[in-house]
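In the working numbering, the protein residues as written are 15 to 501.
Just so you know, even glycine gets a beta-carbon here, dropped at the ideal spot from N, CA and C.
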């Protein structure tokens with residue numbers, strides 16, 4: 015069973031064995047001309063179903079600032095791709111294992127262990143660029159052979175179960191058995207050329223994006239070197255097999271780019287990494303001790319600031335608010351408009367229940383960063399905790415007019431509308447939430463119920479909005495049914 019999980023993981027990682035094993039994956043025929051290639055619409059829909067399964071089964075980090083950071087790195091790389099029409103979703107799974115994967119529909123997941131083991135932003139970007147290349151080069155569509163043996167909902171659930179297995183093998187085995195009903199083996203043959211192409215395109219993306227193109231190879235070399243001291247190689251090496259020749263080829267390709275005096279790497283990498291270090295500790299007090307020791311040993315200002323910030327996050331997590339407040343003041347004294355420091359300062363007040371103080375910090379920060387998503391969502395969440403649903407609602411509504419809403423946005427909006435006494439608007443936001451989580455039929459039923467509701471019932475304008483949304487969702491459901499994503 016363990017071997018089944020490892021082999022099946024190839025579905026997620028788009029990885030390749032240099033021995034080019036012959037493998038297969040059962041997928042339904044969706045009627046394209048060859049009967050053997052995934053259509054872009056099919057990939058997108060499968061990606062949505064897969065992401066829905068991941069949200070249910072994996073510990074996805076919900077921190078808004080961390081999410082915004084990984085999205086910024088991902089889309090900075092995607093923007094330099096020759097095939098940048100593909101929509102991507104980047105997220106981080108809370109897991110110390112060093113692994114990353116790409117799935118159909120532009121889904122790219124990175125374990126927090128990748129960031130924790132990266133020494134620079136270019137190394138992290140190298141891993142992400144490699145996964146992006148697997149997607150843009152259509153390695154899944156070129157490798158998967160279609161059949162009628164497995165429905166797409168079962169496939170998406172199976173992929174989610176395999177992902178769980180990369181974090182918790184015992185839980186993954188149970189989930190996979192529950193989904194499959196038997197130990198059916200699912201594998202994909204990814205050729206050596208696919209991995210080498212992902213290396214080549216990834217290095218190109220790094221250079222075009224002003225990252226160090228040597229970041230990818232330095233991360234791979236470090237993993238390969240360190241793996242010699244462990245009985246079992248890191249998960250990334252098992253799902254992305256490396257050879258001395260392949261690393262040498264990638265290094266030679268990276269060396270064709272000139273070495274720059276400075277690359278466009280942000281300070282945010284080290285601050286995000288510090289925050290993830292705190293999350294990696296089961297006991298916040300241990301994180302406090304770690305950052306206290308590192309701060310005492312730090313020599314240069316850059317290191318002092320990074321470790322002091324980590325110390326602030328650890329102290330806050332441990333409920334030691336006054337020392338956390340003292341240290342964030344030191345950071346802000348030297349960099350008063352740093353949004354990461356401002357959010358940390360506000361979080362201290364929110365955690366201690368000092369909502370007015372938190373609102374003052376958020377309000378001042380909003381004047382400097384009026385469109386920064388983590389700020390707006392954290393501010394709205396604080397307003398909800400501080401029993402200010404009307405202000406939270408207004409802030410969210412304004413943000414939604416000019417930006418693409420996501421699941422967290424609709425989650426907060428539904429709460430704000432309900433607590434502000436607007437059950438119709440709350441239910442409409444809930445329907446949007448269900449749709450984005452892959453529950454199209456539930457979203458339709460929610461809106462149909464609203465149309466028949468009388469106490470309170472929707473007004474004329476709400477009725478028209480509901481009808482328009484219903485028409486759109488029914489069309490989406492029909493597409494899902496045609497692709498056999500749902501019954």
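Item	Value
My output table needs one value for residue 127: the three-state DSSP class, helix, strand or coil.	helix
Counting beta carbon pairs with one atom in the stretch 140-154 and one in the stretch 208-220, are three or more of them shorter than 8 Å?	yes
Who pairs with residue 117 in a beta bridge, going by DSSP?	121
Within this structure, are the beta carbons of residue 74 and residue 105 separated by less than 7 Å?	yes
Starting from residue 106, trace the beta strand (DSSP E) in both directions and tell me its first and last residue.	103-107
What's the gap between the Cα of residue 414 and the Cα of residue 442?	14 Å
Return the Cβ separation of residue 396 and residue 434 in integer angstroms, given the expectation that the two are a contact with Cβ distance under 8 Å.	No, residue 396 and residue 434 are not in contact; Cβ-Cβ is about 16 Å, not under 8 Å.
At the level of alpha carbons, what is the spacing between residue 90 and residue 223?	7 Å
Using a Cβ-Cβ cutoff of less than 8 Å, which residues in the same chain neighbour residue 2 once the five nearest sequence positions on both sides are dropped?	Examination of residue 2 is not possible in this model, given that the chain is present from 15 through 501 alone.
Does the beta-carbon of residue 272 have 16 or more other beta-carbons within 10 angstroms, so that it is buried, or is it exposed?	exposed
Looking at the unbroken alpha helix (DSSP H) that takes in residue 272, where does it start and where does it end?	Element bounds for residue 272: n/a, residue is neither H nor E.
Roughly how many whole angstroms lie between the Cα atoms of residue 481 and residue 335?	49 Å
Taking the alpha carbon of residue 289 as the point to measure from, which residue in 463, 375, 325 has its own alpha carbon closest?	325
Contact defined as beta carbons within less than 8 Å: I believe residue 363 pairs with residue 375. What is the distance between those atoms, to the nearest angstrom?	7 Å
Mind checking who residue 74 pairs with in its DSSP beta bridge?	107
Please go through the stretch 390-476 and give each complete beta strand (DSSP E) segment of 3 or more residues, from N-terminal end onward.	none
Measure the beta-carbon distance from residue 299 to residue 332 and round it to whole angstroms, keeping in mind my assumption that it falls under 8 Å.	5 Å
For residue 345 and residue 319, which I take to be in contact (beta-carbon distance under 8 Å), what is that distance rounded to the nearest angstrom?	6 Å
Hey, which unbroken runs of the alpha helix (DSSP H) at 4 residues or more fall wholly within the stretch 273-350?	282-294, 298-311, 315-331, 335-348
Taking Cβ to Cβ, would you say residue 146 is nearer than 7 Å to residue 125?	no
Give me the Cβ distance between residue 10 and residue 261, rounded to the nearest whole Å; I'm assuming they're in contact under 8 Å.	Nothing can be reported for residue 10: it is not among the residues displayed for the chain, which extend from 15 to 501.
The alpha helix (DSSP H) that contains residue 382, what's its start and end?	369-382
Mind checking residue 404: buried by the 16 CB within 10 Å criterion, or exposed?	exposed
Run the CB neighbour count on residue 402, radius 10 Å, all protein chains shown included, and call it buried at 16 or more, exposed below.	buried
My assumption, with CB atoms under 8 Å, is that residue 464 sits in contact with residue 423. Please give the rounded CB distance.	Actually they are not in contact, since the Cβ atoms of residue 464 and residue 423 sit about 20 Å apart, beyond 8 Å.
Buried or exposed: residue 297, going by 16 or more other Cβ atoms within 10 Å of its Cβ?	exposed
Should the stretch 76-85 be regarded as contacting the stretch 109-120, the criterion being three or more beta carbon pairs within less than 8 Å?	no
My assumption, with CB atoms under 8 Å, is that residue 101 sits in contact with residue 123. Please give the rounded CB distance.	Their Cβ separation, rounded to whole angstroms, is 15 Å, which puts residue 101 and residue 123 out of contact at 8 Å.
Once you ignore the five residues that flank residue 339 on each side, which residues in its own chain have a CB closer than 6 Å to its CB?	362
So what's residue 386 in DSSP terms, helix, strand or just coil?	coil
What number of angstroms, rounded off, separates the C-alpha of residue 282 from the C-alpha of residue 499?	39 Å
Put residue 134 into one of helix, strand or coil per three-state DSSP.	coil
Ignore the nearest five residues each way along the sequence and tell me which others in residue 351's own chain have a CB closer than 7 Å to its CB.	382
Return the CA-CA distance between residue 369 and residue 349, expressed in angstroms with no decimal places.	23 Å
Between the Cα of residue 439 and those of 460, 315, 61, 132, spot the shortest distance and give me the residue it belongs to.	460
Is the CB of residue 314 under 7 Å away from at least one CB in chain C?	Of the protein chains in this structure there is only one, and it is not chain C.
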